[in-house]
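Chains as they are written, first to last, in my numbering: chain H, 1181 to 1618; chain G, 1181 to 1618.
Below is one structure, written out as structure tokens, with a few remarks after it.
Here it is as structure tokens:
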């Protein structure tokens, strides 16, 4: 499937009027910096201007390209695929109006034409795809930063919202697939492909239901053996399952069966959307972490909340070794608490944070660190961010800077150095929980 | 306690060098637009410039003021209170170095001097107070927008972080109290006071432990009878309780007892920091909501997640009346689902949202509405925001706009009209859960 996610050339079919789907996709591809050949196609011809570049619109495709992105009315799609089949390897069909509204025959015809030419299909009724490291933004959704997460979403709207929210959360992406009706390629194909994609460190999967449970279980087991697979299953409740059935046309099936399958395959199931972000952020940074956590904080209350969170999730507040306690005592002011949670108190600066992280990191009883900072007014959050970035520590460090506008500078600096921030002590604790499940 | 939260004059004691605590508090008071008399006091005298205004620094207080804010070294505080006692009604003691570090005698002395003059004390070892509707920002913490939430926090750092994060969440505040060591006034006093404060619609309370359980229960019951009281109790786990004891010096006590007390008093207990925000946002808008919810969405996936969230929390996905279904059918496109969750599909515009909200709102089987929007590229989120704002509906409406940067305009417009946004379907469902507990 490299021709989808790392294509060297692409054709886009549809209307290139400003605001039209095909125009928006073309804009994303051009603005995203795609370096391969880009061919807009519309029978009316003409030209289209995007980001200062003018493209001739071909009246028909007359050259071979890796991938076609199709956003024309549904009824014309099968004939188009039949026509351009010899020239393309894959087609992403954005167009809606297939099986999701009962047009099963049209969808069957689409698949048949694709098979005839050996063309693979993503969609129809989908939001498109991103291959971020190949700078290929083949979707109208908001562009994202390069990173390690591949998002595979049955729901286009969920996927699009998750990309935009992922940007806010500091997530970096390797790829995005909205696969819609999954007429040809489905979640199992993508799991298998991204399991072996070197740019993908973790996979996040949003599903309502799958068509072939046995195949899915096998693909999920394979992918989970290679890297963390985080799953958000929608349609868990009775009403939710009914709603899912009505909008995708697929039966969601018993949630209990899914749940057991996820567990058996070694996947990480999250309960809600926000947890998907937390797990994704954690796994973009680390592959796993042990259960014994040291909490380092400059304020008591948030340290207590983190501790509550860790214990609630079955993690341990690590018992520091005597050696660690003595070392901490040797340089920390007497008001500081050297028991875990370690309270560096409000005036903790770069040096106090950095040395504490380095000492605690070397404690054999500690698997991972949860570092909290509520910056006091007299200290820029960037200073503590630098201490965390520069500390010499090879164990997982999960960071919770809190206080909205007051920590934006520090959070940005952390992100530029590949360290993601968790906005509350409990979300930080949860990140360590996900890491402990691998 | 109006002299604390609606003072007509205030004196600030401490250093007025830029960056010093007293300077930052003075700056907040001036920049916050306090219209009463402001008297900076420091034995060295001189002047201080703040926000373009120059203040003479009095060498000593020689006029009566409502409240003194004290940020001088701990050891000098009791003598100061004894000196200015005849001139003030209350003192907010920011200074640390009292019982929290074992100086119980100094704290006892402070209380004794205050009692002698009939002066009430908030603190010591606290972050100060805000009386937002009197434009009195008597703390170094970040200023907030006026609104209906009073935040009472034992932890200053938690309080400060929550204010800043509350700004990000669109929360409006009526007051803030960080009460530190609670040498004189404590959580029970504040609960009783804000129960009767006309500007406070809901109270959020962060506590680790209370000193007088019986008094607290009584105050909590009284406050809860007047308005929602949301409680985040830290120190619930074994390690958390130990950590709390070590940093506040107060015993956290058995969590089970607290939990039972909260319930008995009719308070709303939340499990973590983020839930405190969700509950606060919900109660700033509405006093309560029934359990039967109608979900209106423009995209299937998020609708399913909302439905899952509602059922998990024990709420009901309302069964719409035949009349409602027929009315919706009469104007909605045939691809829309008129079963709950109601799916208006991706091209839903102002008219479709507004009419649907108004029809559903009139259904006797519906207690509240959860309105979701993932804006498609061709529709500004402001348009849907306007539909929600302008819809004629007297029932609680909880909104989930999602997609980060793509919805910022719409979210801002909603907030300007007093409607808070919940960033995921599950958080929106949880808001309705809190509302159903009253």
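We put the CB at the ideal spot given by N, CA and C, even for glycine.
In this text, all values refer to a predicted model and were calculated from it rather than measured experimentally.
Where residue i falls: helix, strand or coil (DSSP)
i	result
residue 1580/H	strand
residue 1316/H	strand
residue 1539/H	helix
residue 1517/G	strand
residue 1476/H	strand
residue 1494/G	coil
residue 1211/H	helix
residue 1417/G	coil
residue 1386/G	strand
residue 1360/G	coil
residue 1336/H	helix
residue 1546/G	coil
residue 1250/G	strand
residue 1528/H	coil
residue 1239/H	coil
residue 1485/H	helix
residue 1299/G	coil
residue 1322/H	coil
residue 1331/H	strand
residue 1449/H	strand
Spatial distance of residue i from residue j (CA atoms)
i	j	result
residue 1241/H	residue 1252/H	14 Å
residue 1212/H	residue 1554/G	22 Å
residue 1563/H	residue 1546/G	52 Å
residue 1221/H	residue 1237/H	5 Å
residue 1387/H	residue 1602/G	22 Å
residue 1467/G	residue 1585/H	29 Å
residue 1532/G	residue 1420/H	23 Å
residue 1600/H	residue 1379/H	18 Å
residue 1527/H	residue 1556/H	7 Å
residue 1566/G	residue 1341/H	20 Å
residue 1405/H	residue 1208/H	34 Å
residue 1247/G	residue 1338/G	24 Å
residue 1189/G	residue 1245/G	5 Å
residue 1329/H	residue 1618/H	16 Å
residue 1325/H	residue 1312/H	8 Å
residue 1410/G	residue 1399/G	14 Å
Nonlocal neighbours in the same chain, by C-beta distance under 6 Å from residue i, ignoring five residues either side
i	result
residue 1458/G	1607, 1610, 1611
residue 1287/H	1278, 1279, 1363
residue 1578/G	1550, 1608, 1611, 1612
residue 1370/H	1332, 1357
residue 1317/H	1208, 1209, 1212, 1310, 1323
Inter-residue CB distance, residue i and residue j (contact presumed, cutoff 8 Å)
i	j	result
residue 1442/G	residue 1614/G	So it is not a contact: roughly 13 Å between Cβ atoms.
residue 1445/H	residue 1397/H	6 Å
residue 1351/H	residue 1408/H	With a Cβ gap of about 14 Å, residue 1351/H and residue 1408/H do not count as contacting.
residue 1268/G	residue 1205/G	The pair is not a contact, with the Cβ atoms about 16 Å apart (cut-off 8 Å).
residue 1372/G	residue 1403/G	7 Å
residue 1561/G	residue 1589/G	6 Å
residue 1382/G	residue 1307/G	Between residue 1307/G and residue 1382/G the Cβ distance is about 21 Å, and since that is not below 8 Å, they are no contact.
residue 1435/H	residue 1422/H	Their Cβ separation, rounded to whole angstroms, is 12 Å, which puts residue 1435/H and residue 1422/H out of contact at 8 Å.
residue 1228/H	residue 1256/H	About 20 Å; that fails the 8 Å criterion.
residue 1513/H	residue 1548/H	So it is not a contact: roughly 26 Å between Cβ atoms.
residue 1375/H	residue 1456/H	At roughly 19 Å, the Cβ-Cβ gap does not stay under 8 Å, so residue 1375/H and residue 1456/H are not in contact.
Proximal residues to residue i (C-beta, below 8 Å), its chain only, five neighbours per side dropped
i	result
residue 1486/G	1475, 1477, 1521, 1550, 1552, 1580, 1605, 1606, 1608, 1609
residue 1283/G	1254, 1277
residue 1201/G	1194, 1195, 1251, 1274, 1320
Nonlocal neighbours in the same chain, by C-beta distance under 7 Å from residue i, ignoring five residues either side
i	result
residue 1516/G	1523, 1524, 1525
residue 1361/G	1278, 1279, 1280, 1287, 1303, 1304, 1305
residue 1216/H	1187, 1188, 1189, 1190
residue 1587/G	1555, 1561, 1581
residue 1225/H	1237, 1239
For the region 1514–1528 of chain G and the region 1489–1499 of chain G, state whether three or more C-beta atom pairs, one from each stretch, are separated by less than 8 Å.
-> yes
With contact counted as at least three CB pairs below 8 Å, one residue from each stretch, are the region 1331–1338 of chain G and the region 1348–1357 of chain G in contact?
-> yes
Mind the definition here: the region 1291–1300 of chain H touches the region 1245–1265 of chain H only if three or more C-beta pairs lie below 8 Å; say whether that holds.
-> yes
How about the region 1309–1328 of chain G and the region 1533–1549 of chain H: do they share at least three Cβ pairs that are nearer than 8 Å?
-> no
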